[in-house]
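Under the numbering used here, residues 455 to 817 are what the sequence shown spells out, in order. All remarks here apply to the structure that follows.
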Amino acid sequence: MADVMPPNMLNDRPRTPAGLLSNAEKDRLIERGFLGLYRWYTARSQETRNWNPDRSFDWRALNQNLPKELITVLEGFFAVEQYAPDFTSNLIHLVRRSHGRSHFQMRWGSEEEKHADAWENAVLFSGQRSPKWIEEYKDRLKSQTWELPFPDAIHNLVYTVFQERATQLNYLNMMKIAQGKSDKPHLKGVSDPVLAKVAQTIAVDEAAHYNFFLEGVRMYLYYYPERTLNAIKNVIGQFSMPAATLVPNWEHFYETVYRAGIYGPRDFQRDVMQVAFRNMGIESRKALEEGIRKTREVPDFDGGNFKTTAIWDTFDYGAVEGDVKRLHVKIQEYEKEIGFDLYDPTEFIENPEKPASTQAADD
455 MADVMPPNML NDRPRTPAGL LSNAEKDRLI ERGFLGLYRW YTARSQETRN WNPDRSFDWR
515 ALNQNLPKEL ITVLEGFFAV EQYAPDFTSN LIHLVRRSHG RSHFQMRWGS EEEKHADAWE
575 NAVLFSGQRS PKWIEEYKDR LKSQTWELPF PDAIHNLVYT VFQERATQLN YLNMMKIAQG
635 KSDKPHLKGV SDPVLAKVAQ TIAVDEAAHY NFFLEGVRMY LYYYPERTLN AIKNVIGQFS
695 MPAATLVPNW EHFYETVYRA GIYGPRDFQR DVMQVAFRNM GIESRKALEE GIRKTREVPD
755 FDGGNFKTTA IWDTFDYGAV EGDVKRLHVK IQEYEKEIGF DLYDPTEFIE NPEKPASTQA
815 ADD
């Protein structure tokens, strides 16, 4: 499969029936979409989310009497973000020949680095962990290396959609606790405006990351629906948060997060998986698995390759097409601001494989 690689990596493609887009052309269109999205994202990031982990928060005012349960959670957040260099370098290597994706991963890594520093500051200024303890803990964490959860780019792209949404949810629920809104008896009365601001700021970043990866998955759903739906099914079948096998005392951290009402299996089902499914035009996990099961294949015009006929009923293809069109409008508007449209504009090309009865959602 194309595996989200740009055209110059594509060799020995099978013949494509007349009137349909070749895999090389689909990959070119997706690559251009990623490049335009990356440019738009970077400009918006610099304009609206250019914060500093040291100067943007009043660390001296951080509550030094936080419950030990919250210190455990902060410690876990800090630990997971310590693997930002591994997250970034591995993903860059996977998509290094894609301008839009590889450059975005560098931008993403710089933002994740700020998260790591902010959570480290939170642990330090809580007054409950010494600088020596933090340094030794970092050394312990960095003695191990995080590896990609999947070997190919499309599965890792899908994984980041669910992972970024789950991380955003963790931080939003931490924000609520720090705002004094917890309904858990052992956390009632907790209040820390500094911690609330930290969690909210990082959650906003995670929401932006989620939306970038979601736009990428939508492009794949539009041009490679069957392959992408199978990747989604595979990812949710074995999803786990990053570094779960690397962070010391992960089970204690996870149990503490669950008991604090920050994140658990029900949250993943309701606020991560269902939200992502809705954004991708998928009704439910059951509908996804049933649709893939029912998918039948028949020989294409060449009699050797295969073309899926039932996959179109598995998700709302028209809604996905509408989302992809809106993405291209956003990219085109940005290109007009800069002048790219005068030399090398990004264009939306309809996928002629879609069923005639499928209509895109209204813009």
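The beta carbon of each residue, even a glycine, is placed where N, CA and C say it ideally should be.
Cβ pair G487, M734 closer than 9 Å: Along the sequence shown, one-based indexing puts residue 487 at 33. Along the sequence shown, one-based indexing puts residue 734 at 280. In this structure, M734 does not lie closer than 9 Å to G487 by Cβ.
Span of the alpha helix (DSSP H) around H569: If you number the sequence shown from 1, residue 569 lands on position 115. H553 to F579 is the span of the alpha helix (DSSP H), which, as asked, contains H569.
Environment of P799 [buried if 16+ CB atoms lie within 10 Å]: By 1-based counting over the sequence shown, the position of residue 799 is 345. Residue burial annotation: P799 is exposed, with fewer than 16 other C-beta atoms found within 10 angstroms of its C-beta.
Euclidean distance between Cα positions of P860 and E590: Because residue 860 is not part of the residues shown, which for the chain are 455 to 817, the question remains open.
Exposed unless 16 or more other CB atoms sit within 10 angstroms - verdict on P507: Here residue 507 refers to the residue found at position 53 when the sequence shown is read from its first residue. Classification for P507: buried.
Segment limits, alpha helix (DSSP H) that includes Y495: Start at 1 with the first residue of the sequence shown, and residue 495 comes out as number 41. Y495 -> alpha helix (DSSP H) spans N477 to T502.
Y492 to G581 span [Cα, whole Å]: Numbered from 1 along the sequence shown, position 38 holds the residue referred to as residue 492. Numbered from 1 along the sequence shown, position 127 holds the residue referred to as residue 581. Cα-Cα distance, rounded: 39 Å.
Of the residues M560, A650, F616 and R732, the one placed nearest M629, counting alpha carbons only: In the sequence shown, counting from the first residue as 1, residue 629 sits at position 175. Checked all of M560, A650, F616 and R732; the closest Cα to M629 is A650.
Nearest residue (CA-CA) to F731, options V774, Q654 and L528: Here residue 731 refers to the residue found at position 277 of the sequence shown. The shortest Cα separation from F731 among V774, Q654 and L528 belongs to V774.
Rounded Cβ spacing between I785 and T768 (contact assumed at less than 8 Å): The count along the sequence shown starts at 1 and reaches residue 785 at position 331. The count along the sequence shown starts at 1 and reaches residue 768 at position 314. About 27 Å separates the two Cβ atoms, so there is no contact after all.
Cβ pair count under 8 Å reaching 3, the region 706 to 715 against the region 627 to 642: yes
Backbone secondary structure at T768 - three-state DSSP: Here residue 768 is taken as the residue at index 314 of the sequence shown, counted from 1. Coil, per DSSP.
4-residue-minimum alpha helix (DSSP H) runs that sit fully inside the region 651 to 730, ordered along the chain: 679 to 691 and 704 to 713
Cut-off 6 Å between Cβ atoms - residues of its own chain near R583, not counting five sequence neighbours on either side: Working through the sequence shown from its first residue, we reach residue 583 at position 129. Short of 6 Å from the beta carbon of R583, and not among the five residues preceding or following it, lie these beta carbons of its own chain, in chain order: V577.
Inter-residue CB distance, E574 and F532 (contact presumed, cutoff 8 Å): In the sequence shown, counting from the first residue as 1, residue 574 sits at position 120. In the sequence shown, counting from the first residue as 1, residue 532 sits at position 78. Contact flag correct, Cβ pair sits at about 5 Å.
Three-state secondary structure (DSSP) of V648: The residue labelled residue 648 in the question sits at position 194 within the sequence shown. Reduced to three states, the DSSP call for V648 is helix.
Cβ distance (whole Å) where A657 is taken to contact V644 below 8 Å: Residue mapping note: residue 657 aligns to position 203 of the sequence shown, counting from 1. Residue mapping note: residue 644 aligns to position 190 of the sequence shown, counting from 1. At roughly 18 Å, the Cβ-Cβ gap does not stay under 8 Å, so A657 and V644 are not in contact.
C-beta atoms of Y495 and F579 nearer than 9 Å: As a working note, residue 495 is residue 41 in the sequence shown. As a working note, residue 579 is residue 125 in the sequence shown. No, these two residues do not count as a Cβ contact at 9 Å.
Exposed unless 16 or more other CB atoms sit within 10 angstroms - verdict on N684: On the sequence shown, residue 684 is found 230 positions in, with the first residue counted as 1. When all chains shown are included, N684 counts as buried.
Three-state secondary structure assigned by DSSP to Y613: In the sequence shown, counting from the first residue as 1, residue 613 sits at position 159. Residue state, collapsed to three classes: helix.
Pick from P809, L623, A572 and L548 that is closest to V652, judged by C-alpha positions: Taking the sequence shown and counting its residues from 1, one reaches residue 652 at position 198. The candidate whose alpha carbon is nearest that of V652 is A572.
Best match in E566, L548 and Q622 for proximity to Q536 [C-alpha to C-alpha]: For the purposes of this step, residue 536 is taken as residue 82 along the sequence shown, with counting starting at 1. Taking only the C-alpha atoms, the option nearest Q536 is E566.
Separation of S476 from D795, as counted between CA atoms: As a working mapping, residue 795 is identified with position 341 in the sequence shown. As a working mapping, residue 476 is identified with position 22 in the sequence shown. Each residue's Cα considered, the two are about 25 Å apart.
Rounded separation between K568 and Q518 - CA only: In the sequence shown, counting from the first residue as 1, residue 568 sits at position 114. In the sequence shown, counting from the first residue as 1, residue 518 sits at position 64. Approximately 22 Å between the Cα atoms of the pair.
Option nearest F616 by Cα separation, candidates G670, I803 and K596: The sequence position of residue 616 within the sequence shown is 162, counting from 1. Out of G670, I803 and K596, G670 has the C-alpha closest to the C-alpha of F616.
Local conformation of K748 per DSSP, three classes: Reading the sequence shown from its first residue, position 294 is the one you call residue 748. In this structure, K748 counts as helix in the three-state DSSP scheme.
Proximity test, Cβ basis, 9 Å: I525 and chain B: The question asks about chain B, but that chain is absent: this structure has only one protein chain.
As assigned by DSSP and simplified to three states, the class of D606: For this step, residue 606 is matched to residue 152 along the sequence shown. Of the three classes helix, strand and coil, the one that applies to D606 here is coil, per DSSP.
Rounded distance between the beta-carbons of V549 and A620, thought under 8 Å: Here the question's residue 620 lines up with position 166 in the sequence shown. Here the question's residue 549 lines up with position 95 in the sequence shown. Between V549 and A620 the Cβ distance is about 22 Å, and since that is not below 8 Å, they are no contact.
Cutoff 8 Å; reference V527; Cβ partners in own chain excluding five residues on either side: On the sequence shown, residue 527 is found 73 positions in, with the first residue counted as 1. Hits under 8 Å: M628, F707, T710, V711, A714 and I716.
Simplified DSSP state of S597, which is helix, strand or coil: As a working mapping, residue 597 is identified with position 143 in the sequence shown. Note: S597 maps to coil in three-state DSSP.
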